[in-house]
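Asker: Take this structure, written in structure tokens, and hold onto it; I'll ask about it next.
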Amino acid sequence: MFIFDNKTNILINSQELTFKSEYFCNFSRYFQNREFIDLDALQLSGDHFEGYLSRIIIDEVMLELSQRNCLTNVAGVTHSKMWVFAIPFQVNPVFFQNLYSLENNCLGIVPPKSEISVFQHPFSNRFQLYVHDNYLQQLCQTLELPEAKKFLNSSASSIVICPSEKICYLQQSCHQLYQMLFNLDRQQISGQRKALRLNFVRQKLKEEIVKDFLVTLAVTKDIKTPKNTIRRTSILKKAEEMMRKNLRSDLTIPAICQDLEVSQRTLEYIFKDFYQMSPYNYFKLLRLNALHQSLNKNNQTKLIYEIAEELGFFHRGYLASDYKKLFGYFPSET
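According to UniProt numbering, the residues represented by the sequence shown are 1 to 334, in order.
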């Protein structure tokens with residue numbers, strides 16, 4: 001039932017990020033190790049307890065995957081400077097105590113200095129994204145959103161019911177980072193390749209996943225930018241040109257926005273209107289096509305994973321799935 005089940009504690013500590021995965025068989029110690037929240041927890045079922053806390057920590061942001069096998073009742077207060085955004089990893093029947101009966105389409109918001117009361121079913125594992133208030137305010141400005149305390153309601157904890165496909169996308173993005181880090185701990189690779197993957201995880205978490213959480217909330221709350229102020233076609237063409245010229249570089253969507261002097265949210269809406277997909281997914285399609293062309297060359301001497309990593313594909317499972325959806329067969333069958 002555990003998503004990642006590894007009783008060996010893991011610590012990856014580098015300039016790029018810190019990754020901690022800890023196994024607990026003591027209920028009280030599990031909750032004592034929760035960062036950024038002061039909690040009182042009561043175990044309601046079962047004498048045998050097992051739990052995991054797996055955390056990706058970078059400056060101003062932390063992504064936590066919490067897993068435990070018991071029924072619990074949790075109450076507490078959040079850290080004074082951190083916002084918490086929570087999504088279930090799987091269907092979670094009750095999120096906030098006695099308030100909501102939910103399926104796999106909820107996003108919980110816990111503002112700084114707020115109280116929280118949560119009733120947790122066994123194996124209702126969840127991702128929890130912690131974002132420092134200053135960084136969140138900065139992102140809201142970048143995305144042309146109202147300030148966080150108005151946009152996200154800083155007065156109380158809340159639940160937003162989002163389109164299920166958007167929650168699934170957030171879940172997949174978070175799961176991808178954890179799968180990469182757990183695999184990285186088991187693999188024997190060079191220091192250079194390890195640093196490259198850790199930097200990818202760092203950029204993905206800070207520059208894309210946090211933004212995706214905010215954009216999901218903005219779309220759900222129907223907060224829009226006036227279209228008549230945007231040079232939409234010109235922006236789209238310039239963004240596409242930058243992507244095509246940088247298929248093998250570490251160009252990010254925020255860097256494109258900075259160069260074009262537009263917000264990430266504006267670029268998101270432009271791509272959604274023209275291509276019915278996000279800029280990130282469009283960039284991924286361009287790179288998948290470039291990989292397909294490279295693999296079809298008769299004089300290719302590099303291994304598949306080497307070409308894939310040059311194009312930014314570090315997770316072989318997701319690459320294989322995306323590649324087959326687009327071309328109908330796996331990279332190894334090309």
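Idealized CB from N, CA, C, for every residue including glycine. Computed from a predicted structure; not experimentally measured.
Looking only at DSSP bridge pairs, what is E115 linked to?
Answerer: Locating residue 115 in the sequence shown gives position 115, counting from the first residue. E115 pairs with V77.
Asker: Going residue by residue through the region 8–76, where are the continuous alpha helix (DSSP H) segments of at least 4 residues, counting only ones entirely within it?
Answerer: Taking only runs of at least 4 residues, the alpha helix (DSSP H) segments lying wholly in the region 8–76 are 27–32.
Asker: In three-state DSSP terms, what is D176?
Answerer: For the purposes of this step, residue 176 is identified with residue 176 of the sequence shown, where counting begins at 1. According to the sequence displayed, residue 176 carries Gln and not Asp. In the structure shown, Q176 sits in a helix (DSSP, three-state: H, G or I).
Asker: Give the secondary structure of Y329 by DSSP, where H, G and I count as helix, E and B as strand, and everything else as coil.
Answerer: Mapped onto the sequence shown, residue 329 falls at position 329. Three-state DSSP puts Y329 in coil, outside helix and strand.
Asker: Go ahead and pull the three-state DSSP assignment for V84.
Answerer: Residue 84 sits at position 84 when you count from the first residue of the sequence shown. The answer is strand: DSSP assigns V84 an E or B state.
Asker: Ignore the nearest five residues each way along the sequence and tell me which others in D222's own chain have a CB closer than 8 Å to its CB.
Answerer: Taking the first residue of the sequence shown as position 1, residue 222 is located at position 222. Here the set comprises nothing.
Asker: Can you tell me which of L267, N9, K325 and I3 puts its alpha carbon nearest to the alpha carbon of R186?
Answerer: The count along the sequence shown starts at 1 and reaches residue 186 at position 186. Nearest of L267, N9, K325 and I3 to R186, Cα basis: N9.
Asker: Here's a check: name, in chain order, each residue in its chain whose Cβ is nearer than 7 Å to the Cβ of F2, leaving out the five neighbours to either side.
Answerer: As a working note, residue 2 is residue 2 in the sequence shown. Excluding sequence neighbours, F2 sits near Y52 and Q67.
Asker: Between the alpha carbons of K325 and H48, how many angstroms are there, rounded?
Answerer: If you number the sequence shown from 1, residue 325 lands on position 325. If you number the sequence shown from 1, residue 48 lands on position 48. Near 42 Å, if we compare the C-alpha coordinates of H48 and K325.
Asker: Does the distance from the C-beta atom of L214 to that of C140 stay below 9 Å?
Answerer: Residue 214 sits at position 214 when you count from the first residue of the sequence shown. Residue 140 sits at position 140 when you count from the first residue of the sequence shown. Yes, Cβ-Cβ distance for L214 and C140 is below 9 Å.
Asker: So, under 8 Å CB-CB, L236 and I270 are touching, yes? Tell me the CB distance rounded to an integer number of Å.
Answerer: Within the sequence shown, the letter at position 236 stands for residue 236. Within the sequence shown, the letter at position 270 stands for residue 270. About 5 Å separates the two Cβ atoms, so the contact holds.
Asker: Which residue's Cα is closest to the Cα of E115: S158, F4, A239 and L181?
Answerer: Position 115 of the sequence shown, counting from 1, holds the residue named residue 115. It is S158 whose Cα lies nearest to the Cα of E115.
Asker: Three-state secondary structure (DSSP) at H292?
Answerer: Here the question's residue 292 lines up with position 292 in the sequence shown. Note: H292 maps to helix in three-state DSSP.
Asker: Output needed for F24: all residues of its chain with C-beta closer than 6 Å, excluding positions within five of it in sequence on either side, in chain order.
Answerer: Within the sequence shown, numbered from 1, the residue matching residue 24 stands at position 24. Excluding residues within five positions, the ones whose Cβ falls inside 6 Å are Y30 and G51.
Asker: Counting only the same chain and skipping the five closest in sequence on each side, list residues whose C-beta sits under 7 Å from that of C232.
Answerer: Your numbering for residue 232 matches position 232 in the sequence shown. Note that residue 232 is Arg in the sequence shown here, rather than Cys. Cβ within range, chain order: I270.
Asker: Suppose the cutoff is 6 Å on Cβ atoms and the five residues either side in sequence are ignored; what does the same chain contact list for A86 look like?
Answerer: Along the sequence shown, one-based indexing puts residue 86 at 86. Cβ neighbours of A86 beyond the five flanking positions: G108, R126 and Q128.
Asker: Just verifying my parser: in three-state terms, what is the DSSP assignment at R126?
Answerer: Locating residue 126 in the sequence shown gives position 126, where the first residue counts as 1. Strand at R126.
Asker: Kindly indicate which three-state DSSP category S158 falls into: helix, strand or coil?
Answerer: Against the sequence shown, residue 158 aligns to sequence position 158. Note: S158 maps to strand in three-state DSSP.
Asker: With DSSP collapsed to three states, give me the class of L247.
Answerer: For the purposes of this step, residue 247 is taken as residue 247 along the sequence shown, with counting starting at 1. Looking at L247 - three-state DSSP - the assignment turns out to be coil, as it is neither helix nor strand.
Asker: Grab the span of the alpha helix (DSSP H) containing V210 for me, first residue to last.
Answerer: Counting from 1 along the sequence shown, the entry for residue 210 is found at position 210. Where V210 is concerned, the enclosing alpha helix (DSSP H) stretches over V210 to T220.
Asker: Take the Cβ of D5 as the centre, count every other Cβ of all protein chains shown within 10 Å, and call the residue buried at 16 or more, exposed below.
Answerer: On the sequence shown, residue 5 is found 5 positions in, with the first residue counted as 1. That one is exposed.
Asker: Could you pull out every residue in the same chain whose Cβ sits closer than 7 Å to the Cβ of K7, ignoring the five residues on either side in sequence?
Answerer: As a first step, residue 7 is located in the sequence shown; it is residue number 7 there, counting from the start. Same-chain partners within the cutoff: Y23.
Asker: Within the chosen definition, does the region 304–319 reach the region 196–212 through at least 3 CB pairs nearer than 8 Å?
Answerer: Output reads yes: the region 196–212 touches the region 304–319.
Asker: Using 9 Å as the limit for Cβ to Cβ distance, is S14 near chain C?
Answerer: No chain C is part of this structure, which consists of one protein chain only.
Asker: Considering just the uninterrupted stretch of the beta strand (DSSP E) at V110, what are its terminal residues?
Answerer: For the purposes of this step, residue 110 is taken as the residue at position 110 of the sequence shown. Looking at the DSSP string, the run of the beta strand (DSSP E) that includes V110 is C106 to V110.
Asker: Shortest alpha-carbon distance to M243 belongs to which of Q188, G76 and L288?
Answerer: Within the sequence shown, residue 243 is the residue found at index 243, counting from 1. Out of Q188, G76 and L288, L288 has the C-alpha closest to the C-alpha of M243.
Asker: Can you tell me whether DSSP reads Q120 as helix, strand or coil?
Answerer: Taking the first residue of the sequence shown as 1, we reach residue 120 at position 120. Reduced to three states, the DSSP call for Q120 is strand.
Asker: With DSSP run on the structure shown, which of helix, strand or coil describes V262?
Answerer: By one-based count along the sequence shown, residue 262 stands at place 262. Three-state result, V262: coil.
Asker: For D40 versus H79, is the C-beta spacing smaller than 9 Å?
Answerer: Position 40 of the sequence shown, counted from the first residue, corresponds to residue 40. Position 79 of the sequence shown, counted from the first residue, corresponds to residue 79. It is not a contact, given that the beta carbons lie outside the stated cut-off.
Asker: Going by the CB atoms, is the gap between E207 and P254 shorter than 9 Å?
Answerer: Within the sequence shown, numbered from 1, the residue matching residue 254 stands at position 254. Within the sequence shown, numbered from 1, the residue matching residue 207 stands at position 207. Yes, the Cβ-Cβ distance between P254 and E207 is below 9 Å.
Asker: Under DSSP, the alpha helix (DSSP H) around N199 begins and ends at which residues?
Answerer: Taking the sequence shown and counting its residues from 1, the one referred to as residue 199 is at position 199. From DSSP, the alpha helix (DSSP H) with N199 extends over G191 to Q203.
Asker: With a threshold of 6 Å on Cβ separation, who are the neighbours of T18 within its own chain once the five nearest residues in sequence on each side are excluded?
Answerer: Mapped onto the sequence shown, residue 18 falls at position 18. Once the five neighbours on either side are set aside, the close Cβ partners of T18 are I57.
Asker: Tell me which residue opens and which closes the alpha helix (DSSP H) that K150 is part of.
Answerer: By one-based count along the sequence shown, residue 150 stands at place 150. It spans A148 to F151 - the alpha helix (DSSP H) in which K150 sits, taken as one unbroken run.
Asker: Under 9 Å, do V118 and A75 count as touching if we go by C-beta distance?
Answerer: If you number the sequence shown from 1, residue 118 lands on position 118. If you number the sequence shown from 1, residue 75 lands on position 75. Yes, Cβ-Cβ distance for V118 and A75 is below 9 Å.
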